[in-house]
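Visitor: Heads up: the protein sequence lines correspond to chains P and U, in order. Residues 1 to 242 in this note's numbering are what the first sequence spells out, letter by letter. Residues 1 to 231 in this note's numbering are what the second sequence spells out, letter by letter. Even glycine gets a Cβ: it sits at the ideal position worked out from N, Cα and C. One structure is given below, represented as structure tokens, and several questions about it will come after.
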Amino acid sequence: MGGYGDIQLLREDGLRLDGRKIDEMRPVSIEAGILPAADGSAMVTHGLNVAVAAVYGPMEAHPRKIQRQDRAVIDVRYNMAPFSTSDRIRPGYNRRSREISKVTAEALESVVLVERFPRSKIRVEIEILAAEAGTRCAGITAASVALADAGIPMRDFIVGVASGKVEDTVVLDLDKAEDNYGQADLPVGILPNTGEIAFLQMDGDLSPDEYNLAMEYNFKAAAEIHEIMVDALKKRYEGGEN
Amino acid sequence: MSQGRSDAELRLVTPGMAIGPCAGKRIGSGAIALNEEIIATKLGWAREFNGTVSVDPINSSYIPRSGDLIVATVAEVRNNLWFMNINGAFQGLLPMSLAPWKVEFGAARQHMGIGDVALARVQEVDECHNVVLTMKGIGLRRLNQGALLTVPVNHIDRIKGKDNSTLERLKAASDCRIIVGQNGKVWVDGDAQGIAWSRAAIEIAQRCGHKETFEAELSVHENNAPNRGEQ
Chain P
1 MGGYGDIQLL
11 REDGLRLDGR
21 KIDEMRPVSI
31 EAGILPAADG
41 SAMVTHGLNV
51 AVAAVYGPME
61 AHPRKIQRQD
71 RAVIDVRYNM
81 APFSTSDRIR
91 PGYNRRSREI
101 SKVTAEALES
111 VVLVERFPRS
121 KIRVEIEILA
131 AEAGTRCAGI
141 TAASVALADA
151 GIPMRDFIVG
161 VASGKVEDTV
171 VLDLDKAEDN
181 YGQADLPVGI
191 LPNTGEIAFL
201 QMDGDLSPDE
211 YNLAMEYNFK
221 AAAEIHEIMV
231 DALKKRYEGG
241 EN
Chain U
1 MSQGRSDAEL
11 RLVTPGMAIG
21 PCAGKRIGSG
31 AIALNEEIIA
41 TKLGWAREFN
51 GTVSVDPINS
61 SYIPRSGDLI
71 VATVAEVRNN
81 LWFMNINGAF
91 QGLLPMSLAP
101 WKVEFGAARQ
111 HMGIGDVALA
121 RVQEVDECHN
131 VVLTMKGIGL
141 RRLNQGALLT
151 VPVNHIDRIK
161 GKDNSTLERL
171 KAASDCRIIV
181 GQNGKVWVDG
191 DAQGIAWSRA
201 AIEIAQRCGH
211 KETFEAELSV
221 HENNAPNRGE
231 Q
């Protein structure tokens, strides 16, 4: 076993507490262009997570000290709404949101063609309206769709997915209980067309075999989410609604 | 840009999507070559014309180019120059030497203040995105009256049409003077009814400029034009 004493996270029949199989993802839906004031926007619902991303720019980078003469900077602000969890979150920046903002910006910089916009800034705002484990992944996915919606040139999307380990079993897409009481969490940002990894974090321990299995699950889930991302953009621009 | 939408090979592509092999093809805007394949970098319509594969973006920001005719708004005034909002990432700079008036040092405000709108041309863009504007040229002037509308930059060519044919239709139907800036700003001057009609026509372009139905919707709107009976 492992983790937290007698908390059971897998049922006798091998399914998880919410009835999913170990390699099954929570339902994902994506809507592009939800904020008229933003240059690009998207809302991602991943299980009970709701992430909204808005993109503004490219614009002149201010203050000037953040300007780069040869490329744009991506300014990401990740924030969880005070009402996003059952315990009220104190509003404003904290250590966790700074860290997620930083890793998200670095992941996005690897796909956005930043060299096309010297001295500029692309502002990405990610707001988590409801949280149930995996908000950084939902936020990255939302930011990726919002950037495409804003017409920012990118060499690929980034899809945020996570796998982990509960009761010595590798499972895909941890929910809140699995995230809190499981043994490991492996969120990654995957470029679905090239198969590259733009960011990877690991909380807990995984053996090499477990890591490989978790990444296999992640790549499978990323392909599924990528299709939903493309459909969301096609629905906005190709379908009847705009 | 979007005028070639009727071509059979057009399809909506998303960033990272492979458009086709790059052997024997030239790569246009909105695409890059990666592992001998042409990859879309923007959300838009993939297009092949004369052996060049490009993506007409559905949404894009204004990238100023030398020679562009733009409608700009004064954002800041200094003693000897104006900073103009050109609807792009960076402000444009209009020095007093390139203004159409004889401007004394310190008297720039007497000619144009913050919020004033001018028709200008992009004189120069350097590699650091410094944009220099000029108002020396035929027709370049301060725009004292009329309405200023905004349209997506990638729909400009659709609003103008081939050889400005669509724009001429709009002008005739609305009985208004219309100037379409390359920066997505449209200046309309005429009576209130004409401006309102033009505003609705521009909204059609904003809503469905990227769709096949644009021409049909515009024709329907033309039937309600204020100047319809006199054409």
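Got a sec: is the Cβ-Cβ distance from Val52 of chain P to anything in chain U below 8 Å?
Guide: Stepping through the first sequence from its first residue, residue 52 of chain P is reached at position 52. No, because no Cβ of chain U sits closer than 8 Å to the Cβ of Val52 of chain P.
Visitor: Can you find a CB in chain U that lies within less than 8 Å of the CB of Tyr255 of chain P?
Guide: Residue coverage of chain P in this structure runs from 1 to 242, which leaves residue 255 of chain P outside it and unanswerable.
Visitor: Output needed for Gly240 of chain P: all residues of its chain with C-beta closer than 6 Å, excluding positions within five of it in sequence on either side, in chain order.
Guide: Here residue 240 of chain P corresponds to residue number 240 of the first sequence, with the count starting at 1. With a pLDDT of only 43 at Gly240 of chain P, under the threshold of 50, the placement of this residue in the model should not be trusted, and no figure is reported.
Visitor: In angstroms, rounded to a whole number, what distance separates the CA positions of Ile178 of chain U and Lys171 of chain U?
Guide: Looking up residue 178 of chain U in the second sequence gives position 178. Looking up residue 171 of chain U in the second sequence gives position 171. Distance between the alpha carbons of Ile178 of chain U and Lys171 of chain U: 6 Å.
Visitor: Should the stretch 96 to 107 of chain P be called in touch with the stretch 45 to 64 of chain P, which here means at least 3 C-beta pairs below 8 Å?
Guide: Contact between the stretch 96 to 107 of chain P and the stretch 45 to 64 of chain P is absent, because fewer than three Cβ pairs lie under 8 Å.
Visitor: Taking all protein chains shown into account, do 16 or more other C-beta atoms lie within 10 angstroms of the C-beta of Asn154 of chain U, making it buried, or fewer, making it exposed?
Guide: What you label residue 154 of chain U is simply residue 154 of the second sequence in a count that begins at 1. Per the 10 Å Cβ criterion, buried.
Visitor: Taking the beta strand (DSSP E) that His111 of chain U belongs to, which residues open and close that run?
Guide: Position 111 of the second sequence, counting from 1, holds the residue named residue 111 of chain U. Not the beta strand (DSSP E): His111 of chain U falls in the alpha helix (DSSP H), residues 108 to 111.
Visitor: So is Arg136 of chain P buried or exposed if we call it buried at 16+ other beta carbons inside 10 Å?
Guide: Mapped onto the first sequence, residue 136 of chain P falls at position 136. So Arg136 of chain P ends up on the buried side.
Visitor: What residues in its chain sit with their C-beta under 8 Å from that of Phe105 of chain U, if we drop five residues either side in the sequence?
Guide: To locate residue 105 of chain U, count along the second sequence from 1; it is residue 105. Cβ neighbours of Phe105 of chain U beyond the five flanking positions: Asn79, Asn80, Met96.
Visitor: Checking the sheet assignment: what are the DSSP bridge partners for Tyr56 of chain P?
Guide: On the first sequence, position 56 is the one that residue 56 of chain P refers to. For Tyr56 of chain P, which the question treats as bridged, DSSP gives the partners P:Arg123.
Visitor: Examine chain P for any beta-carbon lying closer than 8 Å to the beta-carbon of Lys171 of chain U, and answer yes or no.
Guide: As a position in the second sequence, residue 171 of chain U is number 171, starting the count at 1. With 8 Å as the cut-off, Lys171 of chain U does not count as an interface residue toward chain P.
Visitor: Mind checking if Glu238 of chain P is an interface residue toward chain A, Cβ cutoff 8 Å exclusive?
Guide: The displayed structure is made up of protein chains P and U, and chain A is not among them.
Visitor: Measuring only between beta-carbons, confirm whether Phe233 of chain U sits less than 8 Å from chain P.
Guide: Lying outside 1 to 231, the shown extent of chain U, residue 233 of chain U is not represented and no answer is given.
Visitor: If the cut is a Cβ gap below 7 Å, which residues of chain P does Lys42 of chain U touch?
Guide: Working through the second sequence from its first residue, we reach residue 42 of chain U at position 42. Within chain P, the residues near Lys42 of chain U are Gly151, Pro153.
Visitor: On the premise that Val111 of chain P lies in contact with Ala198 of chain P, defined as a C-beta separation below 8 Å, what is that separation, rounded to the nearest angstrom?
Guide: By one-based count along the first sequence, residue 198 of chain P stands at place 198. By one-based count along the first sequence, residue 111 of chain P stands at place 111. Yes, they are in contact, since the Cβ atoms of Ala198 of chain P and Val111 of chain P sit about 6 Å apart, within 8 Å.
Visitor: Which runs of the alpha helix (DSSP H) spanning at least 4 residues fall entirely within the stretch 115 to 144 of chain U, listed in chain order?
Guide: Counting whole runs of 4 or more residues, the stretch 115 to 144 of chain U contains no alpha helix (DSSP H) stretch at all.
Visitor: Let's test the definition: count the other Cβ atoms within 10 Å of the Cβ of Tyr78 of chain P and tell me whether it reaches 16, buried, or not, exposed.
Guide: Within the first sequence, numbered from 1, the residue matching residue 78 of chain P stands at position 78. Burial call: buried.
Visitor: Going by beta carbon distance, what residues of the same chain come within less than 6 Å of Phe49 of chain U, once the five residues before and after it are set aside?
Guide: Within the second sequence, numbered from 1, the residue matching residue 49 of chain U stands at position 49. There are no such residues.
Visitor: Based on Cα-Cα distance, which residue from U:Leu140, U:Pro226, U:Gly115, U:Met17 lies nearest to Trp82 of chain U?
Guide: Working through the second sequence from its first residue, we reach residue 82 of chain U at position 82. If we check each option's Cα against that of Trp82 of chain U, U:Gly115 comes out closest.
Visitor: Give every residue of the same chain whose Cβ lies closer than 6 Å to the Cβ of Ala32 of chain P, excluding the five residues on either side of it in the sequence, and list them in chain order.
Guide: Locating residue 32 of chain P in the first sequence gives position 32, counting from the first residue. Answer for Ala32 of chain P: Ala42, Val145, Asp149, Ala232, Leu233, Arg236, listed in chain order.
Visitor: At the 8 Å Cβ level, is Ala107 of chain U part of the contact set with chain P, yes or no?
Guide: Position 107 of the second sequence, counting from 1, holds the residue named residue 107 of chain U. No, no contact with chain P.
Visitor: Measure the alpha-carbon distance for Gly135 of chain U versus Val50 of chain P and round it to whole angstroms.
Guide: For this step, residue 135 of chain U is matched to residue 135 along the second sequence. For this step, residue 50 of chain P is matched to residue 50 along the first sequence. For clarity, residue 135 of chain U is Met in the given sequence; the question names Gly instead. The alpha-carbon atoms of Met135 of chain U and Val50 of chain P are separated by roughly 49 Å.
Visitor: Over what stretch of residues does the beta strand (DSSP E) that includes Thr141 of chain P continue unbroken?
Guide: Counting from one through the first sequence, the residue named residue 141 of chain P turns up at place 141. It is not in any beta strand (DSSP E) - Thr141 of chain P instead sits in the alpha helix (DSSP H) that spans 135 to 149.
Visitor: In its own chain, which residues sit with a C-beta less than 7 Å from the C-beta of Ile58 of chain U, not counting the 5 before and 5 after it?
Guide: Sequence index remark: in the second sequence, residue 58 of chain U carries index 58 (1-based). Here the set comprises Leu43, Gly44, Asn154, His210.
Visitor: Apart from the five residues just before and just after Leu94 of chain U, which ones in its own chain have a Cβ nearer than 7 Å to its Cβ?
Guide: Taking the second sequence and counting its residues from 1, one reaches residue 94 of chain U at position 94. Same-chain partners within the cutoff: Leu81, Trp82, Met84, Ala120, Leu133, Met135.
Visitor: Mind listing the chain U neighbours of Val73 of chain P? Cutoff is C-beta to C-beta under 8 Å, in chain order.
Guide: In the first sequence, the residue the question calls residue 73 of chain P occupies position 73. Within chain U, no residue comes near Val73 of chain P; the closest Cβ sits about 12 Å away, beyond 8 Å.
Visitor: Short of 6 Å in beta carbon distance, which residues of its chain neighbour Ala53 of chain P, apart from the five on each side in sequence? Order them along the chain.
Guide: Position 53 of the first sequence, counting from 1, holds the residue named residue 53 of chain P. Cβ neighbours of Ala53 of chain P beyond the five flanking positions: Ala42, Ile126, Ala142, Ala143, Ala146.
Visitor: Which residues does DSSP list as the beta-bridge partners of Trp82 of chain U?
Guide: As a first step, residue 82 of chain U is located in the second sequence; it is residue number 82 there, counting from the start. Bridge partners of Trp82 of chain U: U:Val77, U:Leu94.
Visitor: My output table needs one value for Arg236 of chain P: the three-state DSSP class, helix, strand or coil.
Guide: In the first sequence, the residue the question calls residue 236 of chain P occupies position 236. Looking at Arg236 of chain P - three-state DSSP - the assignment turns out to be helix.
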